[in-house]
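These notes concern the structure reproduced below.
2 protein chains.
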Amino acid sequence: MATPDDDRNVVILGGGFAGAFSARYLHRALPHDVSVELICDRNYFVFQPLLPEVAAGTINALDAVTPLRLMLPKTAVRLGSVREVDFQAKTVELLQGAKRQPVIRHYDQLVVALGQTTDLSRTPGFAEHSMTMRDLADAFRLRNHVVQCLENADITDDEDLKRRLLTFVVAGGGFSGVEVVGELADMIAGALRFYPNVGKHEIRVIVIQRGPRLLPELPDKLGDYAGARLSARGIDVMTGTSLREATASAVVTVDGEKIPTQTVVTTVGNAPTPLMRSLGLPFDRGKVETAATLAVPGYDGVWALGDCALVPLGDDGYAPPTAQFALREAKCVARNIAAVLKGQAPEPFDHSTRGAMASLGHYQGVAEVFGVRMSGLIAWLLWRSFYISMLPGLSTKLRVALNWAFDYVLPRNLVQLDTREERGSYFVHLAKGDVLFDTGNIVDGLYVVVSGCLESRVPGGYEDFVRIVGEGDHWGERSLVEDFKTQGTLTAVEDTRVLVIPRHDFLKIRDSLDVVDNYFKRIPDKIYPPAIRARRADGE
Amino acid sequence: MATPDDDRNVVILGGGFAGAFSARYLHRALPHDVSVELICDRNYFVFQPLLPEVAAGTINALDAVTPLRLMLPKTAVRLGSVREVDFQAKTVELLQGAKRQPVIRHYDQLVVALGQTTDLSRTPGFAEHSMTMRDLADAFRLRNHVVQCLENADITDDEDLKRRLLTFVVAGGGFSGVEVVGELADMIAGALRFYPNVGKHEIRVIVIQRGPRLLPELPDKLGDYAGARLSARGIDVMTGTSLREATASAVVTVDGEKIPTQTVVTTVGNAPTPLMRSLGLPFDRGKVETAATLAVPGYDGVWALGDCALVPLGDDGYAPPTAQFALREAKCVARNIAAVLKGQAPEPFDHSTRGAMASLGHYQGVAEVFGVRMSGLIAWLLWRSFYISMLPGLSTKLRVALNWAFDYVLPRNLVQLDTREERGSYFVHLAKGDVLFDTGNIVDGLYVVVSGCLESRVPGGYEDFVRIVGEGDHWGERSLVEDFKTQGTLTAVEDTRVLVIPRHDFLKIRDSLDVVDNYFKRIPDKIYPPAIRARRADGE
């Protein structure tokens with residue numbers, strides 16, 4: 000609730016570069032009686048550019064993130080998820096986890112720094128089958144997935160499956176895509192000696208870039224260099240193309256090339272977060288329009304910056320969504336809020352780029368700093384130093400630097416850090432002809448067709464028993480009784496979207512809800528002809 | 000499938016102390032033409048006694064585990080989950096993840112080392128509301144949960160909730176319980192400086208031990224010492240009692256004392272794993288009966304050891320389920336398998352304990368080694384050295400030792416390593432009178448009563464609208480349309496078990512399955528009187 004001493008306070012939404020550094024600079028710029036509160040739905044700052052290295056096991060997860068409370072000792076950090084903002088009443092409503100009672104916080108000045116998310120809906124199958132690289136959870140997921148692929152490839156007898164398991168596709172060849180593909184290739188190369196049945200020639204790591212060269216943000220020469228270095232390390236650099244579709248077992252390019260794979264990482268498709276979208280602020284190109292001062296015109300005491308904001312930049316168009324600009328904008332917003340609270344006029348944001356850099360993995364990087372181009376180890380070291388310089392406290396800096404040094408001499412860690420939470424239901428996207436189940440496979444859940452069509456075919460004495468599973472139909476009901484092996488195949492007749500309800504999840508619901516229980520009790524009689532039922536009764 | 004060169008092979012089930020060290024010793028004992036394969040459902044060896052330190056953030060997760068492939072370079076490590084063993088055909092059927100095609104492996108000699116699990120069904124509410132400490136996932140879960148409690152306690156205005164959030168209960172005062180409670184207290188004490196609104200006096204850390212003193216495995220004097228040290232650090236050591244029940248908001252002791260808490264860690268209730276149970280081997284006291292040679296009588300070529308086995312020990316009864324004995328048994332089973340393959344007779348297992356040790360956290364430990372009792376820092380160092388000695392390779396040993404040394408000088412890391420997988424449905428256990436929802440709380444899912452009874456009470460103009468939600472009934476249907484705030488309360492009339500289906504999970508199912516969709520379309524008309532419906536229509 001709004002209390003009197005909240006009268007001159009600043010609330011920051013978001014704990015990324017823009018939000019966290021706004022808090023830091025605000026404490027320097029503001030008088031001590033103005034409180035600063037930062038609301039974030041995770042309790043740490045994540046250095047996103049290092050996430051590929053976490054995924055690859057090059058660095059410890061904890062060395063790529065910093066607890067916000069440690070980084071911002073003077074800021075009141077509030078872990079919660081924002082539900083809505085009332086710009087008239089100047090309040091933020093949020094949920095705080097343990098109790099589902101919404102909490103209202105008043106603000107005098109509001110800094111909106113909510114970043115961006117990845118819109119996976121633009122490419123069919125991406126929502127179901129691609130991974131992103133935005134948060135620590137993403138890094139863990141990719142790491143576990145890649146280790147799982149190697150483990151399975153090492154023990155399978157199925158050559159097609161093995162090829163799929165050992166093909167890794169990264170969509171997008173910008174900073175993030177290049178960093179992911181470089182680290183991924185490095186991790187896999189280092190891991191191979193532990194997988195005696197996987198040969199180096201069987202690995203295929205691909206980066207797919209729509210434009211003519213990698214790293215379009217950098218000068219052509221550096222983009223070419225990056226492409227050449229990655230190619231020299233055996234990475235397949237596909238430029239001038241992009242992905243049209245992903246399925247459970249392949250990706251398809253816009254040129255129609257089908258690449259069988261179990262691993263797609265997408266680094267393209269920036270979009271506003273759902274919260275950002277719901278705030279109702281004026282949007283342009285998926286971002287909040289701000290004045291040159293970073294204030295949001297027409298909204299009293301509201302500022303926006305970082306990746307979620309469209310910040311005009313003199314004659315140069317708009318500020319790019321990079322950490323460098325977020326830091327500069329944070330400095331500017333802190334100065335401007337301090338000015339406004341003193342009754343002075345805010346000043347426009349102005350910054351010209353100092354340069355850019357990217358890591359290619361394998362101790363190689365590319366950089367352009369103050370117009371000077373660098374590549375190789377020197378650029379890579381520069382890139383790492385930049386991160387170290389941002390860490391709070393000498394002891395943390397030292398620990399991170401030492402762990403990095405150790406990594407240079409030690410084998411990468413291959414532990415699957417699986418947290419094994421029981422998963423709820425999820426979707427899969429199948430292309431026409433994809434086989435969802437083959438004879439003898441174990442069925443461990445219920446499969447519901449959301450759109451498209453499946454064909455279930457069970458070989459019989461005189462003729463096959465064929466059942467069409469169309470929209471709204473389901474398959475695998477017997478898994479509600481036991482995990483069972485299929486007697487036949489289940490194949491997509493056309494492009495099909497399927498909801499998979501894992502057995503453990505569905506049993507809980509069926510056993511609790513009478514309507515579901517009654518429905519599934521009647522099912523077997525309806526969909527199987529007597530012959531099939533009889534065979535099943537025999538325990539076949 | 001069984002191949003000819005599988006004729007003289009050893010298959011090990013399980014990658015804990017017993018399984019992993021069996022593999023190591025087998026390679027030393029066996030001729031080179033006998034292959035050894037280890038099947039495990041995780042790809043790393045976990046040093047369980049260090050898990051409390053991972054949970055507390057004292058050590059990196061990766062320093063408490065070792066990839067099996069790194070630890071056992073000569074063993075074929077197969078990541079998979081065993082479905083069944085055919086002791087007649089001498090085959091193991093397992094699932095390998097990517098493809099749901101079961102794989103059959105032949106064995107000549109089979110080493111069963113599947114460990115134990117925790118049976119949470121013995122105490123009501125434990126399955127729903129307690130955490131265990133057996134795997135890396137458990138350590139992450141406890142860590143995230145404790146950080147979440149501190150974050151929420153720091154920002155709540157609700158004194159009752161704050162007390163619950165800051166009370167931490169560990170059930171069991173054996174090795175594991177003492178290590179968990181010691182590390183937990185230490186972690187919380189170290190974290191407090193980052194939580195300005197949480198006072199030291201508000202923290203309550205409790206260990207509950209059924210017997211008269213902690214660490215019954217050690218001499219009385221060391222158990223007393225451990226109790227005194229933990230008490231001196233502010234830990235509440237409750238002996239001579241145990242827990243009768245856990246609910247969403249409290250635990251109740253057998254003496255009827257109710258302790259409000261959100262955190263219960265259970266370290267008691269050892270039980271066979273589901274797989275172990277399903278194998279059909281002769282059981283006694285929840286373990287496989289073995290001969291003195293570790294062979295399972297009546298089963299050709301089957302051996303059992305470690306926590307899952309009841310190993311006779313001369314006149315002393317049975318071998319205790321400790322790492323020390325698992326290592327010795329591993330050595331014995333390796334020798335005996337080698338003997339049998341050479342046509343010689345196996346020898347009985349014989350080992351008398353070298354001693355035992357436990358960490359109390361805070362750089363304190365207790366130990367009895369070769370009859371010499373030790374306590375304090377020296378026992379703690381001994382305890383750590385024991386682990387270091389087991390790590391593979393000098394460089395790994397060095398890294399772990401250095402990270403430990405760093406921890407001595409650095410603040411603990413408070414990052415919540417939440418992997419944020421979308422959770423499926425789950426159960427909650429409520430005691431009579433527990434309030435599940437209070438006026439104004441956000442409802443984010445469907446609540447189905449499995450057993451017991453809830454009362455929904457919405458204040459009205461003339462009288463309250465009361466609805467009884469009994470077995471099979473559900474509440475919160477409106478959450479299928481939107482997250483909404485309750486207009487009234489939802490309270491347990493008696494002890495009640497509720498299935499919570501989170502909104503995101505349920506929407507997928509409803510939108511895909513017509514039977515569920517049709518059912519919930521009709522619901523509002525049935526359960527709400529017109530006045531309530533009208534208010535809802537007004538958007539109240």
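So the protein sequences, as listed, match chains A and B. Take the first sequence: its letter number 393 is residue 392 in numbering that gives the first Met the number 0, and every next letter is one higher. Take the second sequence: its letter number 382 is residue 381 in numbering that gives the first Met the number 0, and every next letter is one higher. Just so you know, even glycine gets a beta-carbon here, dropped at the ideal spot from N, CA and C.
Contacts with chain A (Cβ-Cβ distance below 7 Å) from the stretch 4-22 of chain B involve no residue at all. Between the beta-carbon of residue 181 of chain A and that of residue 358 of chain A there is about 6 Å, and that keeps the pair under the 8 Å contact cut. Distance from the CA atom of residue 271 of chain A to the CA atom of residue 14 of chain A, rounded to whole angstroms, is 16 Å. Against chain B, the CB of residue 193 of chain A has a partner CB under 8 Å away; the residue lies at that interface. The criterion of a C-beta distance shorter than 8 Å is satisfied by residue 430 of chain B and residue 246 of chain B. Under the rule that a run must span 4 or more residues, the alpha helix (DSSP H) segments found entirely inside the stretch 163-233 of chain B read 174-190 and 219-231. DSSP links residue 39 of chain A through a beta bridge to A:78. DSSP links residue 103 of chain B through a beta bridge to B:92.
Among the CB atoms of chain B, none fall inside 8 Å of the CB of residue 467 of chain A.
Annotation for residue 384 of chain B: the continuous alpha helix (DSSP H) segment containing it runs 376-389.
Residue pairing for residue 317 of chain B: DSSP places it in a beta bridge opposite B:311. Between residue 209 of chain B and residue 240 of chain B, the C-beta spacing is below 8 Å. The C-beta of residue 437 of chain A comes closer than 8 Å to at least one C-beta of chain B. With 16 or more other Cβ atoms from the protein chains shown falling within 10 Å of its own Cβ, residue 386 of chain B counts as buried. For the stretch 73-86 of chain B, residues whose beta-carbon sits nearer than 9 Å to a beta-carbon of chain A comprise 75, 76, 77, 78, 79 and 82.
Only those residues of the stretch 139-153 of chain A whose C-beta falls short of 8 Å from the nearest C-beta of chain B are listed: 139, 140, 146, 147, 148, 150 and 151.
Inclusion of residue 81 of chain A and residue 37 of chain A in the CB contact set at 8 Å is not warranted, their separation being larger than that value. Taking 8 Å as the upper bound for CB-CB distance, residue 168 of chain B and residue 263 of chain B are in contact here, some 5 Å apart. For residue 514 of chain B, the residues of chain A that pass the 8 Å Cβ criterion are 514, 515 and 518, in the order they occur in the chain. For residue 325 of chain A, the secondary structure class from DSSP, reduced to helix, strand or coil, is helix. Of the other Cβ atoms in all chains shown, 16 or more fall within 10 Å of the Cβ of residue 447 of chain B; this residue is therefore buried. The beta-carbon separation of residue 170 of chain A and residue 242 of chain A, rounded to 5 Å, stays under the 8 Å limit for a contact. For a Cβ distance threshold of 7 Å, residue set 511 and 512 of chain A lies close to residue 447 of chain B, ordered along the chain. In this structure, A:48 is the residue among A:48, A:335 and A:449 with its C-alpha nearest to the C-alpha of residue 131 of chain A. A Cβ-Cβ contact shorter than 8 Å links residue 453 of chain A with residue 490 of chain A. Considering only B:503, B:425 and B:237, the residue with the shortest C-alpha distance to residue 126 of chain B is B:425. Between the beta-carbon of residue 64 of chain B and that of residue 45 of chain B there is about 5 Å, and that keeps the pair under the 8 Å contact cut. From the beta-carbon of residue 441 of chain A, the residues of chain B found nearer than 7 Å are 94, 99 and 101.
When secondary structure is reduced to three states using DSSP, residue 275 of chain B falls in the helix class. Residues of the same chain with a CB within less than 7 Å of the CB of residue 353 of chain A, apart from the 5 flanking positions on each side, are 323, 368 and 369 in chain order. Taking a Cβ-Cβ cut-off of 7 Å, the neighbours of residue 500 of chain B in chain A comprise 508, given in sequence order.
Along the stretch 51-73 of chain B, going in chain order, the ones with a CB nearer than 7 Å to a CB of chain A are 59, 60, 61, 64, 66, 68 and 69.
Rounded to the nearest whole angstrom, the CA to CA distance from residue 115 of chain B to residue 269 of chain B is 6 Å. Judged by DSSP in its simplified three-state form, residue 244 of chain B adopts strand.
In the assembly as shown, residue 108 of chain B is a buried residue. Its beta-carbon has 16 or more other beta-carbons within 10 Å.
Put simply, the stretch 14-33 of chain A does not touch the stretch 139-159 of chain A. Fewer than three CB pairs are less than 8 Å apart.
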